[in-house]
Every structure is written in C-alpha cells, then in structure tokens.
Amino acid sequence: MLLSLLIFLIISNAVSLRRDKSILFSRVVIKTLLLTSFIAISNLYVNPLEKGIGIYGGLFNVNALTQTFNIFIFLISAVILTLTSFYPRKVYAKEFYSPFYRLFTKKLSYNKNLISNKNGEQFRIIEYALIIVFIICGAVFLISTGDLISVFLSIELQSYGLYILSTLYRDSESATASGLTYFLLGGLSSCFILLGSALLYANSGTTNLDNIYVIYYITEDLM
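Residues -16 to -1, 1 to 207 in mature numbering (1 follows the signal peptide of the UniProt record, and there is no 0) are what the sequence shown lists, from first letter to last.
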C-alpha cells in the first residue's frame, strides 16, 4: 500500500504544474495511512503472526509487535499531516463578551469564507507529502528489520527524507544551515554504523541478527 502510494506521489509530483496541490496530496496520504492502519489491525488476527514471519530471506521479520508499532506510526503520521491538509481560517470573538468570559466559555465564531495565509509557503510545497511517505517507509522497515544490511538501508532511507525535510524552506538561511549540519552529522554516524557492522561480520561471519544472537550465546556457554 505504501509503495503504491509512493509511486503515485512521484508520478503526480513529476507532472503537476500547480504548487497549491500540496493540500490535496496531504489528504490523499492521510486517507492511505488510515486504510493501511486498518489493514495492519486486521493482520493482528492472523495466526502465523504470533510466532513471526521472515520475508526476503530473513531481511525483515513481521510479527504482532512490529504490526502494533506500525499502526502507531501510521496514526501519528496521519495526525501530523492534518497540520498541512486544511487551510487555517480566521476566528472572530463576539464583541459583547468580555475577554475573560471569552477565555473560559470559548464563544468564538469562524468565518467560513475568509482563509488566513492561504498562500503560505507551507501550503505550496508539493514534495512535503512525498518526503513524509519516504520517512514512514524507513521507519516501518527499521522496526521490522532482521539483518544488519537492512538496518543500515532503513536508517539511510529515513535519514535522507529528514535531511530534505529540514531544508524545505529554500529561501531560509537557517533551514539550509541546519540541513547541511544534519547531513554531515548523519554521514559521520553512517560511517560508524558501517564500521560496527563490518566488525560484527568479520567476527561472526553473518549479518543476520538472529544468527549473531545464537553465536553470542553459544560462545558464552563455551567460555
């Protein structure tokens, strides 16, 4: 479901000429995340998930615990995307109420026609929803990973989306500086991850996390 959504957003962003379609893309992603959450909840009742299922040769493991965390990620992401899925509307307080009374009774009225900051930059970035989906995919893969290689690839998939997300405001100097700093620190941390993975592979001869776990306890018993 997420991969189909990813392909749809990539094609839509490539052929779209209007920058104000960001809200439409965000709403599509929200609906897809809610549908994916419903599918994940339904999968919790599948019997083989109780013991776990290995896919792609053990690169990823799917069980009830990983599905629960996936549902949590989908729902939180849908809530975050609601911030850019609707235009903010101006709020008017009735004048015959005192400020103290309005504060506690919330006698406010919305102007249904007047939209505040409709042309704001946060509503004209069509790549926002696409980047969020990349980050969600990285988080989901990282939760279900069962191999050192898939751990590294999942972290990088999530990190590159966060690099781009921090520099979405192209005209902001602070956003560009923070994105560059994040990229340099992320590159350094990736080197340490690769170094640790290489040391584990050199000493164990495998990159599978379950095999490393078994080797560790066998050597501990022998010692």
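For every residue, glycine included, the Cβ atom is placed at its ideal position computed from N, Cα and C.
For residue j and residue i, the rounded distance between their alpha carbons
i, j, result
"residue 94", "residue 24", "Reliability fails at residue 94, whose pLDDT of 47 lies under 50, so the model's placement of it is uncertain and no value is given."
"residue 198", "residue 62", "39 Å"
"residue 145", "residue 20", "20 Å"
"residue 58", "residue 30", "20 Å"
"residue 141", "residue 54", "16 Å"
"residue 22", "residue 120", "16 Å"
"residue 8", "residue -2", "15 Å"
"residue 201", "residue 186", "17 Å"
8 Å CB neighbourhood of residue i in its chain, flanking five on each side removed
i, result
"residue 28", "48, 51, 52"
"residue 16", "-16, -15, -12"
"residue 154", "160"
Beta-carbon gap between residue i and residue j smaller than 8 Å
i, j, result
"residue 138", "residue 125", "yes"
"residue 203", "residue 132", "no"
"residue -7", "residue 152", "no"
"residue 6", "residue 127", "no"
"residue 65", "residue 26", "no"
"residue 112", "residue 165", "no"
In DSSP terms, what residue i is bridged to
i, result
"residue 44", "39, 129"
"residue 192", "131"
Cutoff 6 Å; reference residue i; Cβ partners in own chain excluding five residues on either side
i, result
"residue 193", "130"
"residue 160", "151"
"residue 36", "45, 47"
"residue 157", "none"
"residue 178", "none"
7 Å Cβ shell around residue i - same chain, five flanking residues per side excluded
i, result
"residue 39", "46"
"residue 117", "-15, -12, -11, -8, 13"
"residue 18", "62"
"residue 123", "57, 142"
Integer-rounded CB distance, given that residue j should sit under 8 Å from residue i
i, j, result
"residue 163", "residue 150", "4 Å"
"residue 136", "residue 173", "That pair is no contact at about 11 Å."
"residue 43", "residue 134", "4 Å"
"residue 183", "residue 196", "Not really, about 11 Å apart at Cβ, beyond 8 Å."
"residue 147", "residue 167", "5 Å"
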